[in-house]
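For the record, the sequence lines run as chains A and B.
Start counting the first sequence at 153; every next residue gets the next number (this note's numbering).
Start counting the second sequence at 485; every next residue gets the next number (this note's numbering).
What follows is a short report on a single structure.
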Amino acid sequence: MSLQRRIDWGIYAVFIVLLMVAPLVMDPFWLNRVAKYLVYGMLGIAVALSWGYAGVLNLGQGLFFGAGAYMVAMSLKLASPTSLQQGSDRPVPDFMLWNAEPGAPTELCCINKGSFLWLPFQNQWFGVAMALIMPMAIAGIIGTIVFRKRIAGVFVSIITLALVLLVRLVVIDAQPVTNGFNGLTDLGWFKIAGFEFDPYVVPTYYLVAVSLSIVLVGARLLVETRAGIILQAVRDDENRARYLGFDVPNYQTFFLVVSAAIAGFAGMLYVIVSEFASPTFMDLSFSITMVVWAAVGGRASILGACIGAILINTISATVSETEGFAEAWKAIIGLIFVLVVLYLPRGLGGLAHDLVARVAARFSPAAARELRAANTSQLAE
Amino acid sequence: MVQVALTIDGLGVDFEGFKAVNNVSMTIEDGELRVLLGANGAGKTTLMDLISGKTKSTTGRVFLHDTEITNWEEHKIARAGIGRKFQIPSVFRDLTVRRNLEVASCKNPGVFANLRFGFGSQAKAEIDGVLELIGLTEEADQIAAYLSHGQTQWLELGLLITQNPKIILLDEPTAGMTQAETHKTSLIVNNLKGRHTIVVVEHDMAFVREIAERITVLHLGQVLAEGDVGEIENDPRVREAYLGSKGIG
């Protein structure tokens, strides 16, 4: 293993250890907050994968996040005490009852025209499965059409951006089934083998932290496989890859689907720790914010993008709650973005690589040379 | 008996009335090195586009050995055994030189087949050989973006050698090179002779003299003449259409 890779994996290990010991120093309130930021970190990974490694700037990542969130939220809504009103033993979401036409049967199958869609979600694991399958299926369809037609660059961004807005509109519009812009609230707790994941207890934090660690290491390993390297080759020169015999759209679609699955998984975890799902997940500003996290953290670095997301959210929370900054915090965050984009085009990940190389230069010139060579591979632009 | 590697039969393309390539037929034998000559706009690059699938032909057929490959998708033509080097050198700029060659060494193009680590010791030995041949052993761990223009051209040749296709199409492999670089390129190309069937589009007459066996001259999208260097030099139609009165060189 090269020095570069050993240092990289060392940093991954340190990060994961920090995740695991965080509960020792945090109260439940902060733990719940950090769990949310870890979910954002997972979104950072999804963005880095599609933007940094596949060269596909997806401005609609919120679509996959939202799809994952809603799928699980539907199951948790049915598991909520609020869905078992008037002593009924068969769950019906409260908003459906409030909006039911007079005389409509108070059954999930037929309280309104679309309510039957909720039937399979009575099983929590159906919701969990759909939280992954739905984003992957959407990504598969988008990818196949867009990449087969050889649409690239900014046009992919425009298409994904339009799609997330379209779906957001549909979700708000389908009020009888989705509760419109109110979203799904008053959710029940996620259960595994009888254990209930109260968002404010330590095991829920670990559910998120362990999930993030697995996704992090998995994504890193994935980009180190041959397929991951070929994907980077496709990013650099699609045509060259094509004339070496690679069916380029297959690679692009595959990694878009993986990125969507990660985003969907993140959506699912977010619902578990925050107890709601809302159409704001599919707001344009949220999808663009994810891209900013990855840009600050370093889109060419899986861990960098992940840390970028966690860091920015922690800073915004702290700054916005500091007296004196309460009004100005958005300007401060904005300033950080501008500075990073201007002076650290490779983000914090790139900065970290440079620092490691410089420190190594002090001790061993040979190691430094090796590191410098590896560094430049972090996206030359 | 010598086998025919590439057969082009009445190939043509019509860009809304403009026939960039018009009814071109030729056969290229196994192991042959064929040079395509012609003035700007004669249709040389378009002919390569038609063979390699970048442009869809409107008339005619292309055969690789006995397989018809007319208008297949690019990656399928590539897998069938035709490799191509572009006029503007194209390599994977953010990957190291070795990584570039490793990508080219993948025998199986599928996504799922490539969900594993490493490229194998056989590929490594092969790649070391290619690095030596194109003279980039020293630069193996450098990022391709930082290579000089000539080195980038050689790396792209290296990609083709690693890909190991039956037929190699080279579009102006010496474009923008110094004399010394051109000479080195001719050594690399001569080294490939016999192992691959090679079709070269080239303007640089010094280079053509160093490598050429048979030459086909294109003019206004059609075949004007075919023969060895001497025959072409002395063909009055070629002189008029392309070479002027000065002759080759």
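Note that CB positions come from ideal geometry on N, CA and C, so glycine has one too.
What's the call for residue i, buried or exposed, on a 16-neighbour Cβ count within 10 Å?
i        : result
A/Asp179 : exposed
B/Trp638 : buried
A/Asp388 : buried
B/Lys569 : buried
A/Phe433 : buried
B/Gly733 : Because the pLDDT at B/Gly733 is just 47, under 50, the model does not fix this residue reliably, and the point stays unresolved.
A/Ser154 : exposed
B/Phe691 : buried
A/Asp241 : exposed
B/Gly642 : buried
A/Pro257 : exposed
A/Pro254 : exposed
B/Gln487 : exposed
A/Ala371 : buried
A/Thr312 : buried
A/Trp277 : exposed
A/Leu531 : Annotation note: pLDDT 44 at A/Leu531 (below 50); position unreliable, no value reported.
For residue i and residue j, which I take to be in contact (beta-carbon distance under 8 Å), what is that distance rounded to the nearest angstrom?
i        : j        : result
A/Ala418 : A/Ala198 : 7 Å
A/Leu500 : A/Gly450 : 6 Å
A/Phe273 : A/Ser232 : With a Cβ gap of about 12 Å, A/Phe273 and A/Ser232 do not count as contacting.
B/Asp688 : B/Ile699 : Not really, about 13 Å apart at Cβ, beyond 8 Å.
B/Asp544 : B/Gly496 : Asp is not the amino acid found at residue 544 of chain B; the sequence shown has Gly there. Correct: roughly 5 Å between the Cβ atoms.
B/Val595 : A/Phe406 : 5 Å
A/Lys229 : A/Leu339 : 6 Å
B/Val575 : A/Arg392 : 7 Å
A/Gly204 : A/Trp445 : No, A/Gly204 and A/Trp445 are not in contact; Cβ-Cβ is about 12 Å, not under 8 Å.
A/Tyr222 : A/Ala429 : 5 Å
B/Thr530 : B/Ala504 : 4 Å
Determine the extent of the alpha helix (DSSP H) in which residue i is found, giving its start and end residues.
i        : result
B/Glu694 : Met689 to Ile695
B/Lys668 : Gln663 to Leu676
A/Phe167 : Leu155 to Val173
A/Asn465 : Ile454 to Glu473
B/Pro573 : From DSSP, B/Pro573 is part of no alpha helix (DSSP H); its letter is neither H nor E.
Helix, strand or coil: how does DSSP classify residue i here?
i        : result
A/Met104 : Because chain A spans 153 through 533 in this model, residue 104 of chain A falls outside it and cannot be assessed.
A/Gln530 : Note that A/Gln530 scores a pLDDT of 47, beneath 50, so its modelled location is shaky; the value from the coordinates is reported in the next line. The answer is coil: DSSP assigns A/Gln530 none of H, G, I, E or B.
B/Thr543 : strand
B/Gly733 : Any reading at B/Gly733 must be qualified, since the residue scores a pLDDT of 47, below 50, and its modelled position is unreliable; no value is offered.
A/Glu348 : strand
B/Phe603 : coil
A/Phe407 : helix
A/Leu195 : helix
B/Ser589 : coil
A/Ala304 : coil
B/Thr529 : helix
B/Ala628 : helix
A/Lys482 : helix
A/Ala256 : coil
A/Pro287 : helix
A/Ile294 : helix
A/Phe438 : helix
Does the distance from the CB of residue i to the CB of residue j come in under 8 Å?
i        : j        : result
B/Ile672 : B/Leu517 : no
B/Ile611 : B/Thr658 : no
B/Gly522 : B/Val683 : no
B/Phe547 : B/Thr636 : no
B/Lys528 : B/Leu534 : no
A/Tyr403 : A/Ile382 : yes
B/Glu557 : B/Gly537 : yes
A/Ala342 : A/Phe333 : In the sequence on display, residue 342 of chain A carries Phe and not Ala. For A/Phe342 and A/Phe333, no; Cβs fall outside 8 Å.
B/Ile651 : B/Gly565 : yes
B/Val685 : B/Met532 : yes
A/Phe398 : A/Ala291 : no
A/Ala174 : A/Val425 : no
A/Val369 : A/Tyr164 : yes
Considering residue i, what are the terminal residues of the beta strand (DSSP E) in which it resides?
i        : result
B/Leu708 : Gln706 to Asp712
B/Lys569 : Ile566 to Lys569
A/Leu211 : No beta strand (DSSP E) holds A/Leu211; DSSP gives it neither H nor E.
B/Ile682 : Thr681 to Val685
B/Asp493 : Val488 to Phe499
A/Arg387 : No beta strand (DSSP E) holds A/Arg387; the alpha helix (DSSP H) holding it covers Arg378 to Asp388.
B/Val505 : Phe502 to Glu513
B/Val519 : Leu517 to Leu521
B/Ile652 : Ile651 to Asp655
B/His703 : Arg698 to His703
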